[in-house]
Structures are given as C-alpha cells and as structure tokens.
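Heads up: the structure comes next, in structure tokens.
There are 2 protein chains.
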Amino acid sequence: MADILKGACIVGQSGGPTSVINASLYGVVRTALDDPNITRVLGAEHGIRGVLDDRLFDMGQEDAYELSLLKYTPSSALGSCRYKMADPDKDDTDYKRILEIFKKYDVRYFFYNGGNDSMDTCNKISKYMQRVGYECRVMGVPKTIDNDLAHTDHCPGFASAAKYIATSCMELYQDARVYNTGMVCIVEIMGRHAGWLTAAAALATYAGAGPDLIYLPEVDFDMDAFLADVDRVYKERGNCMVAVSEGIHYADGSFVSEAKTSATDGFGHAQLGGLAAILADAVKAKLGVKVRGIELSLLQRCGAHLASLTDINESFMAGERTVKNALAGATDCMVGFSCERKDGSYTCTPVLYPLSEVANAEKKVPLSWINEEHNMVGRELVDYALPLIQGEPELPREHSLPRFAKLKKVLA
Amino acid sequence: MADILKGACIVGQSGGPTSVINASLYGVVRTALDDPNITRVLGAEHGIRGVLDDRLFDMGQEDAYELSLLKYTPSSALGSCRYKMADPDKDDTDYKRILEIFKKYDVRYFFYNGGNDSMDTCNKISKYMQRVGYECRVMGVPKTIDNDLAHTDHCPGFASAAKYIATSCMELYQDARVYNTGMVCIVEIMGRHAGWLTAAAALATYAGAGPDLIYLPEVDFDMDAFLADVDRVYKERGNCMVAVSEGIHYADGSFVSEAKTSATDGFGHAQLGGLAAILADAVKAKLGVKVRGIELSLLQRCGAHLASLTDINESFMAGERTVKNALAGATDCMVGFSCERKDGSYTCTPVLYPLSEVANAEKKVPLSWINEEHNMVGRELVDYALPLIQGEPELPREHSLPRFAKLKKVLA
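Here you go:
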C-alpha cells in the first residue's frame, strides 16, 4: 500500500469527443469528490490548454444532478484541445508552467481523458514531475471512437459509435432499396488509420440489413477492384450498399479521399464532398447507375441517443478505477479493459497498462479478420463487437428532446 | 349509412419513404384483415406499379407478429415508386389495366399511402372507376416528411423526421463547439419547396442547443446576407451553427445547390457534395474560418430509432380510419388531422378531406413565422411542432440492434 497522498486533482479532456467521454469524466469527478484525500476537484477547460492558461473549473460547485447527466451528454463537457506538447528536453516552457499551476493549487493528481496523443502528453508530464521531484500521480483515462489504443481490449467510445453506425446502416438499407429501380449507396465512416468503426458496419450485415461491401484502411484500396465489386453485387442483387473508411488509401499510401486522378477512373477535378462523393462519382461514371454517397460525419461520434449502455458503464468505470487506483498509489498508467467472450457471455475487467506502452502505439483490425478479396470482414468482428454495444440507457429527456448536463463552470 | 360493399382491397405505398409510413400500412392491413367485408388484403409491390404488373402480395399470409413490427420499421415495406399516371382523357392504357386487375381480384377498396402525387393518382383512379361504372372506394393515406399536404394540420412522417433533426442538431451543437478554436457548422436538411423540416431544427435552438441561423425555401436566399449573418454570429459567439433547407433559392428562382457562380462568392467549379459543401466552401473562402458541412441525407427520413410515438400512433390511426371510413361508405377522400393546441394540451382528430382538394396543393411554412431577417423561425414553430414529436416507442430489438418486420411477400 502506497502512502496516502493528499491534494487537489485536475481532470482534462483531449482529442476528438465521443458520446461517452463525459461518462468517464463523471466517473473521475464523482469518485474524486467523494474521497476525503482529494481536497479539490478541478476541471481543465480545453484539456491541457486550461492548465497552461489557468482556466480551471471548481467541480465541487456543480450541482450533483447536473453532474450525473454527464453520463448521457455527448462531446467533451470541459472542452477539448489538440495541443501537442513539446519534448521537455528541447523546450520545457509548458512543463514549467504546468508545475507552477500544480503548485498553485496543490495538485497531486492529474487525470487525462483521451487517445494516443493524450497518453503521450500524460507520460511526458509525469516524467517531468518525477525529474523535478514534484510528487504527483498521473493517470490516463482512455477514450477514442477509433478503438486504436494498444493493449486494451477496446476503448470507451468505440461501442457507442459502432452502435450508431450499425443502426444507421440498417435503417439506410431499408430506405436505399425502396424503389423498383436499383441504387448504390456508399456510406463513409470515420477512421484514418484503423478501420474498427467501418468494420462495425458488418454488425448490420450480419443482422441481415447492412453493407454488401466493406473497405478498410488496413489494406490497400484498388479502384478497379472496387468498381468490379460494386458492378457484380449490383447485377446480382439489384442494389448495392458499401461502407468505406475515410482512411482508405492506394498501394502508394495516398488517401483515396485526396486523389485527384487515378489510373482507371480519370476524374480529376477538385473535390469538396469528401470520399463518399468521390466514390459515388466514380461509380456513376463507370457503371451509370443511381448512386448516393452518405457521410456519417460528426453524427457518428456524438449520437448519444444511440449510446451503448455497456459503453456508458465501462466508460464510467474507467474513470472511477483511474481515481481509485491513483489513490492507492498507481501512477503513469492507463486503465484499460481485459475482456472475455465465451459461449455468449462477456466479462470486462479493468486493468492497468503503463502509459509508456500505450502512448503512440496503434492497434488495427487484424488482417485475418478481413476476407481475401479485401471487401468484407468476418464473423470475428461480430463476436468481438456485439457484446460491446449491448443495452440501452434510460435517456434523460425534456419534451422528448435530450436533456444534457448544464455545468456552471465556476473558475477556481 | 352506405350500402355494405364486400370485396378485396389493395394497399400501396408511393413516393419517398418515412420512418412511420409502415405504421400506416399496418393500420390499413390490420384493420382490413379484421373486417369480414374485406375478403382479401393485397399489398401492391412498388405502389401502383405492382397493380399494373400484377405483383400483389397476399397480406393474409403474413405472420401477425411480423406485421405488428411494421410500426417500427422504416421505409416502405411493400416497396415504393415514383410513377406519374397519365391523364386518362389522353391515355387510358394504365387505367384499363388497373380495372382489369381490380376485376381479376374483385377489388372494391383501394388505399394509397403517399404525398401530393399519390393523392393525385388516387383521385384519377377513382374518377376513372366512377366513369366506367366500377364500384370501388378509393382513399388516400397521407405521408410525407415534407409536411406539405394541404388542409391537414400535419402529415404522418413529419414529426419523426423533425425529432431526428432536432436531436441530431442538439448533439452536433455539443460536438461542434468542443475545441478552443471556433467552427462554423452547416447542416443541410431535406425539403425542396417547403421548409418544415429545416424549421424543425429550431426545436433544438429553443431547447438551448441548436442552429443560430435557419434558412428556408419559403423566402429568397441572399448569399451576401448569409455570409454577413455567419460572420456576425461567429464573431459574437465564437461558433456558428446553421440549418439550411436543400431547396433554398436565389431571388431568380435558381436553387443555391445548383449555382455555379454567384455575384459575390465567385466559386465556379463543379460541385459534388451538395448544398452544405457549397455553402461551407463559400464561408471558408469569404471568412477564412473552419467550416464543416453536414448533410443529414437519407438518415433523417429513415431514422426510426428516433421516431415520435405520437407520430407512430397517428400514422397507425390514419391507416385504420381510412379503412373504417371506406367501409362506412367514404370514397375520394384522404384522412387528415385536425388538431388543437391549448395551454400545453394537444388533441388530434382524424378528419376526411376530399382528394380533389389535397391533390397537387402544397402547404408551406407561414411567412409570419419567419423573422424579418429571413434567418430564423419564431416560437410559433415550436408551439406547432413540439406536441408532434412527443413520446418514445418501445423499439423491438435483437442484440441491441433494430428488429425490423420480415414479410414473406407471397404473391396472390
């Protein structure tokens, strides 16, 4: 048992928001407020920027009910940032400033809720504090719809986005085949480097109403093969639904979304509408059929009304375990999940992973889950993702519209 | 009381699908199956095309539970069409064929579920049958997310789409202001001529998390004024969210979505991504701020997981009342709604409107509900639409994904 460390804590949120990142925030804040060794709970506005700018909210002044609504409130309630910390060996300005703020508020706990980059930020801050001899426990709370953090079975936020995507695909499937004339429907899904979210569209396919074809960034994209795939499916079934990851790229590494020309399709004009529009244009030009490109855009990461209850509960747990572990002496770690799926049952156990191992690492969809033709994922994906999307929360509503948390955000 | 008319009925669906058009289908089918004077219930595949092609499903062979799931299944379960009937005085080929099919199956009731054009189709068929002396009762069942049918207070399908739009805007609002850098978010919403759906985004605004600016096709669009509006809001609030109807047009009547150039923005290249991308491009070029264009696309009309229970129940009622009224002798009518909103209470009464009066008429958002600057709608819209979106259905699910109706579709 480590020594008892008494002092304030700072919690911050970083990177792209999710439907459930605030459930983790609530897990941290509620647990910290309830523990006598944490003297004050401070929320950093816009992540580490709020620390640097001394913009810290006194979370103890928030109404308990409003705080509880964070479980159902999408996007980062404290505000987020995309701020890259310098290497402290080259430029320690930011770190000195953080130390100054930590001293000012007697901060002994720092909890940072984010993805790869945030774990890196955490790690750097922790190493710096150790070097200058300032006692402080630094912990990462995972979140990313991209699901690409190393070691952990999955990441808070992924499942709710996956559920939004699968449900939306199932509804689009009904809609896109309603006429007696066929249609190709191309759905663009987030994920620059890892195809987890796009692969989740296969949940709809296995439920009987999803994409016929799925393309991930884990493998190279070939425009000729794509057009031939669509042509074949359309001729066989009279309709074709496609899910594509925004990060699909040609064999030379260039993103299809940025392609001005390709050897086969010859469309070379400026594109505004993103990947779905580019592919829709290519299909229309080559096959001459009715095509609709649909970008799920920000909706997929903020669609809290379709959040997975499992995801909400696990996100809360990640926040709660982070604080409890830090109080017990842990530092330089991220709480991740070790899961077991067996005969239809699913268990999820929180586990600590060293920040140095999760920072800057990236987990992708296993190549063995992708079929030989590179246009579909296998049953493994369903077995993996289905337990994660289970359960519907009782959403707080006002006049049948969402009732999100309203924070006072009183500066400390 | 009219004479009892015994015979088969045909029900068909036409035009763009909605989240609840199948609730009306269920209202028709369930009521017709339960009445002894309707000898057989036939579902036309792809609307009137299924009649012309003799593709009629025997709805009596469907499983009762699967039929009940139609209340929660988006898109037109029987298939839809966009087939324009000729003027019978000029070309009566189709009408002769319909009469032939009616005689073949002893069809004495024809129920057609659709928007303006479908009411016109209904009307023409009815007049033809009267002229040739074939006894048959022809009724229209309203549906359209556009909410533009005349006389009726509102149309089945509108409220669920409105709820999807308002909820999505509220979630996007949380997401689009998460960073310490501002953003302009432009949401493109359906509606070529009537702005009801885009106006419904104001439900989010009045709930405290919606568009700052709303542009409808009821008034002319001015690009200079638009850019000045966005600039002002962005400077005042640090962010700006805009809802635009796909049908907004310049004073000369040309759609903004088809504009190649305008006097002020000077962007003249081919556009693929639709209106949201065009406006996002114009804002970026003029104001140099971060912009995101989001098209709600087909999602807004098939998002049954956000359907309004009020809308589902009213849609079912429209189908049920159609059959009961026809059995009682009514013909050449559409069931619409007469509603009262008073001191927070809302009542909806089904009323019959003559098809001749609803066919080809179009109801738009009253100009008095649009502000002087033409960039927002007033409280009247909220008072009108809020009662319609109330209530959440208990959605049938399998593994936390939607469980839609699976029809056998046995040909008669």
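Protein chains in written order, with the working numbering: chain P, 60 to 471; chain C, 60 to 471. We treat Cβ as the ideally placed atom computed from N, Cα and C, and that holds for glycine. Since this is a predicted model, take the numbers as computed values, not measurements.
In this structure, Asp-207 (chain C) lies near Lys-422 (chain C), with their beta-carbon atoms less than 7 Å apart.
Residue nearest to Arg-99 (chain P) within the set P:Gly-109, P:Asp-283, P:Gln-120, P:Gly-216 is P:Gln-120 (criterion: CA-CA distance). With respect to chain P, the C-beta atom of Asp-234 (chain C) has a partner C-beta closer than 7 Å. The continuous alpha helix (DSSP H) containing Gly-378 (chain C) extends over residues 368-386. Annotation for Phe-169 (chain C): no alpha helix (DSSP H) segment contains it, though the beta strand (DSSP E) segment containing it runs 166-173. At least one CB of chain C lies nearer than 7 Å to the CB of Leu-231 (chain P). At least one CB atom of chain C sits nearer than 7 Å to the CB of Ala-225 (chain P). In terms of CA proximity to Ser-427 (chain P), P:Val-436 leads the group P:Val-436, P:Met-242, P:Phe-396. Rounded to whole angstroms, the gap between the alpha carbons of Glu-305 (chain P) and Lys-467 (chain P) is 37 Å. For Tyr-238 (chain P), the nearest beta carbon of chain C is closer than 7 Å to its own beta carbon.
Chain order gives no chain C residues near Lys-345 (chain P), where near means a beta carbon separation below 9 Å; the closest approach is about 15 Å. In this structure, the beta-carbon distance from Ser-78 (chain P) to Gly-173 (chain P) does not fall below 7 Å. Between the stretch 259-274 of chain P and the stretch 228-235 of chain P there are three or more C-beta pairs closer than 8 Å, enough to call the two in contact.
In chain order, Ala-67, Ile-69, Arg-99, Leu-101, Leu-115, Ala-471 place their CB closer than 8 Å to the CB of Tyr-164 (chain C), counting only its own chain and leaving out the 5 sequence neighbours on each side.
One alpha carbon belongs to Asp-205 (chain P), the other to Ala-103 (chain P), and they sit about 24 Å apart.
At a cut-off of 7 Å between C-beta atoms, Gln-189 (chain C) does not count as an interface residue with respect to chain P. Its chain contains Cys-68, Ile-97, Val-100, Val-382 as the residues whose beta carbon lies nearer than 6 Å to that of Ala-91 (chain P), once the 5 sequence neighbours on both sides are disregarded; these appear in chain order. Residue burial annotation: Asp-288 (chain C) is buried, with at least 16 other C-beta atoms found within 10 angstroms of its C-beta. Proximity to Ile-80 (chain C) across C:Leu-440, C:Ser-316, C:Val-200, C:Val-441 peaks at C:Val-200, based on C-alpha coordinates.
Rounded to the nearest whole angstrom, the CA to CA distance from Tyr-274 (chain C) to Asp-281 (chain C) is 10 Å. Counted as a single uninterrupted DSSP element, the stretch harbouring Arg-251 (chain P) is not any alpha helix (DSSP H), since DSSP gives it neither H nor E.
Collapsing the DSSP output to three states places Val-237 (chain P) in coil. In the three-state DSSP reduction, Ser-127 (chain P) falls in the helix class (H, G or I). Leaving aside the five residues that flank Cys-407 (chain P) on each side, the residues in its chain whose CB is nearer than 7 Å to its CB run, in chain order, Glu-373, Phe-396, Cys-398.
When C-beta distances to chain P are compared with 9 Å, the residues of the stretch 355-367 of chain C below that value are Leu-355, Ser-356, Leu-357, Leu-358, Arg-360, Cys-361, Gly-362, Ala-363, His-364, Leu-365, Ser-367, in chain order. By the CB criterion at 7 Å, Leu-411 (chain P) and Ala-385 (chain P) fall outside the cutoff.
Contact of Gly-138 (chain C) with chain P by beta-carbon distance below 9 Å involves Arg-236, Val-237, Tyr-238, Asn-239. CA-CA distance, Val-303 (chain P) to Asn-434 (chain P), rounds to 10 Å.
Here Asp-402 (chain C) is exposed. Its C-beta has fewer than 16 other C-beta atoms within 10 Å.
Under the DSSP assignment, Lys-422 (chain P) falls outside any alpha helix (DSSP H); it carries neither an H nor an E label.
Non-local beta-carbon contacts of Tyr-142 (chain P) in its own chain, meaning distances under 7 Å to residues more than five positions away in sequence, involve Gly-106, Ile-107, Arg-108 in chain order. Residue environment: Ala-344 (chain P) is assigned as exposed (fewer than 16 neighbouring CB atoms within 10 Å of its CB, all protein chains considered). Following the DSSP letters along the chain, one finds Thr-152 (chain C) inside the alpha helix (DSSP H) bounded by residues 152-163. Taking C-alpha positions only, Phe-285 (chain C) is separated from Arg-351 (chain C) by approximately 16 Å.
From the beta-carbon of Gln-120 (chain P), no residue of chain C is found nearer than 8 Å; the closest lies around 21 Å away. The beta carbons of Gly-267 (chain P) and Thr-257 (chain P) sit no closer together than 7 Å.
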